[in-house]
Each structure stands twice: as structure tokens, then as C-alpha cells.
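Remarks on the structure that follows.
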Amino acid sequence: MKRISLTQYLVEEQRLHNSIPAELRLLIEVVARACKTISHAVSKGALGEVLGSAGSENVQGEVQKKLDVLSNEILLEANEWGGHLAAMASEEMETIHPIPNRYPKGEYMLLFDPLDGSSNIDVNVSIGTIFSVLKAPEGMKEPSEKDFLQPGVKQVAAGYAVYGPQTVLVLTTGDGVNCFTLDREMGSWVLTQRDMQIPAETKEYAINASNARHWYPPVKRYIDELQSGDTGPRGKNFNMRWIASMVADVHRILNRGGIFMYPADAREPDKPGKLRLMYEANPMAFIVEQAGGAATNGKQRILDIQPQKLHERVAVFLGSKNEVERVTGYHNE
Ligand code: AHG
Ligand code: MN
Ligand code: MN
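Going by the working numbering, 116 is the number at position 127 of the sequence shown; the sequence numbering is gapless.
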């Protein structure tokens, strides 16, 4: 098998589609390198003293794990000096992180969830990193939070890494979705899946069913129908999977179809869901759409939402097109 590295892939994509200029290529390579470093730390586990709580809270009021903090630092440090970025933002930082004055600045802005699936860190279940790339608005001088508040359709690239039995990197720059596997001996990312496509039909769904009593009627109805199986209105049996790491659930869906849901519910009516729009839902929605799937908040396409706040939350329904359209239809009835 001829091995194509991430670098070769990016260079050839630029030649073919003119979609990855040198600065964006550098950005993607730097993020990929940071993910390699995070993967290495994750795989050390207790031996690397990276498990457990950091003893602090992030802006969302969640207890930070050591790996949340470490992964955030790895991504910040890796991306500061290259000259490709104007600013960064992260789940783990209250406000944006402008590039320090000692470094040149570039035209891109990077958002990330440095460590997705934190509750799985200490139990050796797959976790990951999610990232989204935007362009700085024309004429921007000092970057501010406002400059980040662009709808997901404006993303120029998005990706995620999964630190699981294998470490993989899934990437889109708007020309389909490709997957790279980390060759640990060589230290390089190798292209292992081209043009991933989510099957439109599926028999698998993912939702945290412990919240069922709080669900709103459209979600209740949809899940009831799935659960009533071949004797219900759907006329077929469905299987359920919930990993509690969005990266791992989405990766399964990209490979064999399915629908992933984190709806808003009646527990906290003011909260439009648990997941964050700008560094979880948007990059995943971009990837899923590029792989032929769909992503909505139950009412509208996620990528069309105009963000109001950096850490804004959103309801998420994504994956196989027919299922996402059905549950979205129930909300809009
Ligand atoms: P994070 O670890 O970045 O805070 O994200 C966790 C998210 C997402 O990855 C996952 O699908 C979901 O939270 C799990 O939620 P439950 O705890 O309700 O299972
Ligand atoms: Mn997350
Ligand atoms: Mn996280």
C-alpha cells in the first residue's frame, strides 16, 4: 500500500482544489502535531500522572481534569508562534486568547474543545479533541470575542482526533472528509480513509436515555418510535450506543451510520442543550454534512445559527440524513 502522509495530502489538495493555502496547511499540521502530543500523554495514563482532577473549574462550571488543562496548554503553545493565527478560543478559557505581541499574526482563528469526553479519561475509554477554523474578519486589528461569532457555514476547516484503540484524525476543509491514522512508530499521520460517507439509512441511535423524563414531546415521540422496534410505526428494530464522548460517537456514525442526539430538555429550560455551539456542534456539523449527513438543533441547520456568545450551548441532532430530517420534522410539526 502506498502511504500518503497528512502533509502530502494537504499539498495535493491545494494543487487540486486551491482550498488549502500554505498558512492553513501550517495550521492543520500544527494542530495535528498537538493532537499527537495529547495522544502520547493520554496513552501514558497513570504512568504519566495525567489522570484525575486538576482541582479547578472552567467557565462553564465544570470540574477540570488534569488532561483538560494539559491538552489546552499543548494546543495553545503549539499554535502561538507559527504566524498563522490571530487568536484562539477554547472550552477551557473564559475569554479569547490573542496571539502574544512577540509573534507575527495571521488571518485565521482557531477554536477547540481540547479534551472531549472528560468523564471517560480515568476509565480508559476513547476521548478526543475537536477543532474549528474561521477567518478573521476583514480589517480586524485587535481580535475580540465578537470576531469569533460567525455562523458555522463560515468555517474553513474542522476536525477531530479520537484517542482510542487507534489514534485517528478526521478532517474536512470543505472538500469531503478524510481520516488519518497515527503511525506511532513513525510519528506520522497516514491517510487511511478517503471521502467518508455516512449512510442515509441506519438502525442505530445515540442519546443519554437517563434524561428521558426531562425530554420534550418531539424527542420523546421519536425515541418511543425507535424503541418500539419492528412492531412499532418504524417497522424495524433499532440498536442504541452511548459512549459519552461525542468524538467517539460521531466517529462511529461516520463509519457505519447512526444518529447522535443531545437535545435541550425541561431540566433547565433556559439552557438550549449541553453541547457548545462554536467548538463542539459547529465543527461536527461541518464534518457530518461534508460526509453526506445532516445536523440540526431540532429546528434549523446548526451551521446557519448566528452565535451570540462564545460559550453558547445548542441542542444537537446529527448523523444519518433520513433520521435527522425525521426528528427535525417532529419538532417543526
Ligand atoms: P466535554 O468532556 O468536552 O465537556 O464534553 C462532553 C460532552 C460530549 O462529549 C458527550 O457526548 C456528552 O458531553 C456526554 O454527556 P453525558 O454526561 O450526559 O453522558
Ligand atoms: Mn466536549
Ligand atoms: Mn472538553
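The beta carbon of each residue, even a glycine, is placed where N, CA and C say it ideally should be.
CA-to-CA distance, residue j to residue i, given in whole angstroms
i	j	result
V334	M250	An answer regarding residue 334 cannot be provided, because it is not within the stretch -10 to 322 covered by the chain.
L180	A23	18 Å
S107	E190	30 Å
H300	S309	27 Å
Q182	Q(-3)	15 Å
L59	S177	22 Å
G218	A195	15 Å
G287	E257	17 Å
M185	C168	8 Å
F101	M267	8 Å
T220	R230	21 Å
V305	N197	12 Å
R14	K124	14 Å
P89	R265	26 Å
N61	A67	10 Å
A284	G50	27 Å
Y397	P10	The requested residue 397 does not occur in the structure, where the chain is confined to residues -10 to 322.
G34	M175	21 Å
R(-8)	D172	11 Å
L16	L(-1)	11 Å
L5	G128	29 Å
H29	E322	48 Å
N311	M(-10)	35 Å
A43	R290	36 Å
P252	V313	12 Å
A274	N109	23 Å
Whether residue i touches residue j by CB criterion (8 Å)
i	j	result
H203	D238	no
V159	V145	no
E214	P222	yes
G262	R302	yes
N271	L243	no
R55	G72	Per the sequence presented here, residue 55 reads as Lys, with Arg not at that position. No. Outside cutoff.
D105	S234	yes
I187	G246	yes
P87	P126	no
S115	I232	yes
Cβ neighbours of residue i in the same chain (closer than 6 Å, five flanking residues each side left out)
i	result
V31	Y152
T170	Q155, V157, V179 and T181
N113	none
I63	A23, T26 and I27
N47	Q53 and E81
G281	Q186 and I187
A150	C24, G117, T118 and L158
Rounded Cβ spacing between residue i and residue j (contact assumed at less than 8 Å)
i	j	result
P103	T84	P103 to T84, Cβ: 16 Å. No contact.
F120	L138	About 17 Å; that fails the 8 Å criterion.
E96	E18	The Cβ separation is near 17 Å, so there is no contact.
Q279	V166	5 Å
G141	I294	7 Å
K75	K94	Residue identity check: residue 75 is Ala in the sequence provided, not Lys. The pair is a contact, with the Cβ atoms about 5 Å apart (cut-off 8 Å).
D57	E38	Not quite, the Cβ-Cβ distance comes to about 15 Å (not below 8 Å), so this is no contact.
K192	K225	6 Å
Sequence-distant residues of the same chain with beta carbon closer than 7 Å to residue i, five excluded per side
i	result
S8	E2, T162, G163 and D164
R210	Y319
L65	M77 and H86
A21	L(-5), L158 and W178
Same chain, Cβ closer than 8 Å to residue i, five either side skipped, listed in chain order
i	result
Q216	F227
W70	Y92
A201	K209 and I212
V277	I187, V239, I242, L243, A283, A284, L307 and G308
*Closer than 6 Å: residues whose CB approaches a heavy atom of ligand 2*: D102, D105, M235 and E269
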